[in-house]
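*Asks:*
Number of protein chains: 2
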Amino acid sequence: MFQVPTKTQYAIRALVHLVHAKSASVASIAEAEHIPSKYLEAILGKLKNAGLLISERGRNGGYRLAKDPTLIPMSEVVQATEGEIRLVECVDNAAVCILGEGCLPRHFWLGLKSAVDLYLESVTLAEIAGPETSST
Amino acid sequence: MFQVPTKTQYAIRALVHLVHAKSASVASIAEAEHIPSKYLEAILGKLKNAGLLISERGRNGGYRLAKDPTLIPMSEVVQATEGEIRLVECVDNAAVCILGEGCLPRHFWLGLKSAVDLYLESVTLAEIAGPETSST
DNA sequence: TATAATTCCTACTAAATAAGTCTGAATATA
DNA sequence: TATATTCAGACTTATTTAGTAGGAATTATA
Ligand code: FES
Ligand code: FES
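Going down the list, the sequences are from chains A and B.
Residue 4 is where the first sequence starts when you use this note's numbering, and the numbers rise one by one after that.
Residue 4 is where the second sequence starts when you use this note's numbering, and the numbers rise one by one after that.
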């Protein structure tokens with residue numbers, strides 16, 4: 004349960020890399036982080052669409068962060084790669100629930116979701132990336 | 004991300020049923036809860052092996068809770084059906100981690116795991132099952 | 001003792017999801 | 001023009017989850 008997909012782990016590693024690198028191409032990140040480059044390409048695409056990254060095409064192109072890492076909560080990162088967290092179908096979709104609104108399991112799942120959400124919102128990319136090792 | 008497996012949802016429904024029913028056969032639970040009975044059979048087997056249920060074979064046999072539902076934290080239930088929560092491989096397995104002990108992503112994942120664990124430990128089966136609707 | 005109701009055990013199949021690859025177009029720079 | 005890059009979509013493969021099938025072992029009871 005709760006296996007965090009490789010995709011998300013890759014995304015985080017790549018973002019951390021970009022915090023330190025300012026700008027980098029897919030290929031260079033893939034090599035540095037040991038991530039299959041074609042796969043990374045797709046992942047960075049998603050991060051871009053989610054507004055976390057800005058890209059530059061063509062020669063000397065690459066990706067860079069769209070905003071300061073202190074302004075990027077991890078919830079956004081996870082959201083970008085996985086989409087909405089949907090623990091259990093009947094939770095989002097009250098109609099599906101057998102027991103209706105008062106359903107206790109429902110409250111249980113909602114509580115779990117909220118525990119996870121709160122945590123993810125409380126941590127920023129900057130904290131995960133650690134002190135900026137500016138190239139001195 | 005974080006899809007809770009059907010298996011676990013079934014397990015919870017079955018346990019809630021047993022809180023109210025005291026004792027029941029796989030077939031009767033399966034019917035009442037609309038769960039494929041052969042599948043349920045396997046799930047209850049796991050719950051039994053985990054020490055949550057007690058079984059009686061043969062005619063008039065069935066399953067019942069091994070202990071009072073107020074003494075069963077949901078963490079045990081989840082653990083029983085899914086095994087250890089292992090969010091990310093490198094977290095349990097420090098050797099796998101590229102960055103070693105100080106790895107910040109590692110702390111992030113550990114924090115998430117702990118948020119989830121704390122929540123699961125804080126809720127008991129009794130709370131999910133609600134007031135005992137003893138057959139009056 | 002025979003029968004029916006049950007748990008238990010093992011192996012298998014099917015469906016869904018995640019991981020990764022391939023091809024090639026579009027774009028920018030030198 | 002040649003080269004380095006992002007971008008887009010279809011495709012393949014691997015892994016996990018869900019579900020089925022068949023039958024052995026056990027027990028109550030008729
Ligand atoms: S059965 Fe899932 S919310 Fe009620
Ligand atoms: S713990 Fe995962 S890379 Fe460090």
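Note that beta-carbon positions come from the ideal geometry of N, C-alpha and C, so glycine has one too.
To the nearest angstrom, report how far apart LEU121 of chain A and LEU115 of chain B are at their CA atoms.
*Replies:* The alpha-carbon atoms of LEU121 of chain A and LEU115 of chain B are separated by roughly 10 angstroms.
*Asks:* Taking just the CA atoms, how far does TYR13 of chain B sit from ALA33 of chain A?
*Replies:* Roughly 41 angstroms separates the two Cα atoms.
*Asks:* Can the beta-carbon of PHE111 of chain A be found closer than 8 angstroms to that of PHE5 of chain B?
*Replies:* The answer is no: Cβ separation not under 8 angstroms.
*Asks:* List, in chain order, every chain B residue whose beta-carbon is nearer than 9 angstroms to that of LEU115 of chain A.
*Replies:* Neighbours of LEU115 of chain A on chain B, chain order: PHE5, VAL7, MET77, VAL119, TYR122, LEU123, VAL126.
*Asks:* In angstroms with no decimal places, state the Cα-to-Cα distance between LEU74 of chain B and PRO108 of chain A.
*Replies:* Spanning the two alpha carbons is a distance of roughly 17 angstroms.
*Asks:* May I ask you to report which of helix, strand or coil DSSP gives GLU87 of chain A?
*Replies:* Coil.
*Asks:* By how many angstroms is the C-alpha of LEU128 of chain B removed from the C-alpha of LEU18 of chain B?
*Replies:* Each residue's Cα considered, the two are about 8 angstroms apart.
*Asks:* Under 8 angstroms Cβ-Cβ, which residues of chain A neighbour GLY64 of chain B?
*Replies:* None at all; the shortest Cβ gap to chain A is about 27 angstroms.
*Asks:* Beta carbons nearer than 9 angstroms to chain A: which residues of the segment 47 to 72 of chain B have them?
*Replies:* Cβ contacts with chain A come from no residue of the segment 47 to 72 of chain B.
*Asks:* Specify the secondary structure class of LEU56 of chain A as computed by DSSP and reduced to three states.
*Replies:* If DSSP states are grouped into helix, strand and coil, LEU56 of chain A belongs with the strands.
*Asks:* Excluding five sequence neighbours on each side, which residues of the same chain lie with their C-beta closer than 6 angstroms to the C-beta of SER137 of chain B?
*Replies:* Confidence is the limiting factor: at SER137 of chain B the pLDDT is only 48, short of 50, which leaves the residue's position unreliable, though a coordinate-based value still follows. No residues qualify anywhere along the chain.
*Asks:* For VAL80 of chain B, which residues in chain A fall below 9 angstroms Cβ to Cβ?
*Replies:* The contacting residues do not exist; VAL80 of chain B stays about 10 angstroms from chain A at best.
*Asks:* Between the beta-carbon of TYR66 of chain A and the beta-carbon of ALA27 of chain A, is there less than 8 angstroms?
*Replies:* Yes, Cβ-Cβ distance for TYR66 of chain A and ALA27 of chain A is below 8 angstroms.
*Asks:* Would you give the residue range spanned by the alpha helix (DSSP H) that ARG109 of chain A belongs to?
*Replies:* From DSSP, the alpha helix (DSSP H) with ARG109 of chain A extends over 107 to 125.
*Asks:* Measuring only from the beta carbon, is THR73 of chain B closer than 7 angstroms to any heavy atom that is part of ligand 3?
*Replies:* Among the ligands in the structure shown, ligand 3 does not appear; only ligand 1 and ligand 2 can be found there.
*Asks:* Tell me the DSSP secondary structure of GLY65 of chain B in three-state form.
*Replies:* If DSSP states are grouped into helix, strand and coil, GLY65 of chain B belongs with the strands.
*Asks:* Per DSSP, what kind of secondary structure is PRO8 of chain A in: helix, strand or coil?
*Replies:* Here PRO8 of chain A sits in coil by DSSP.
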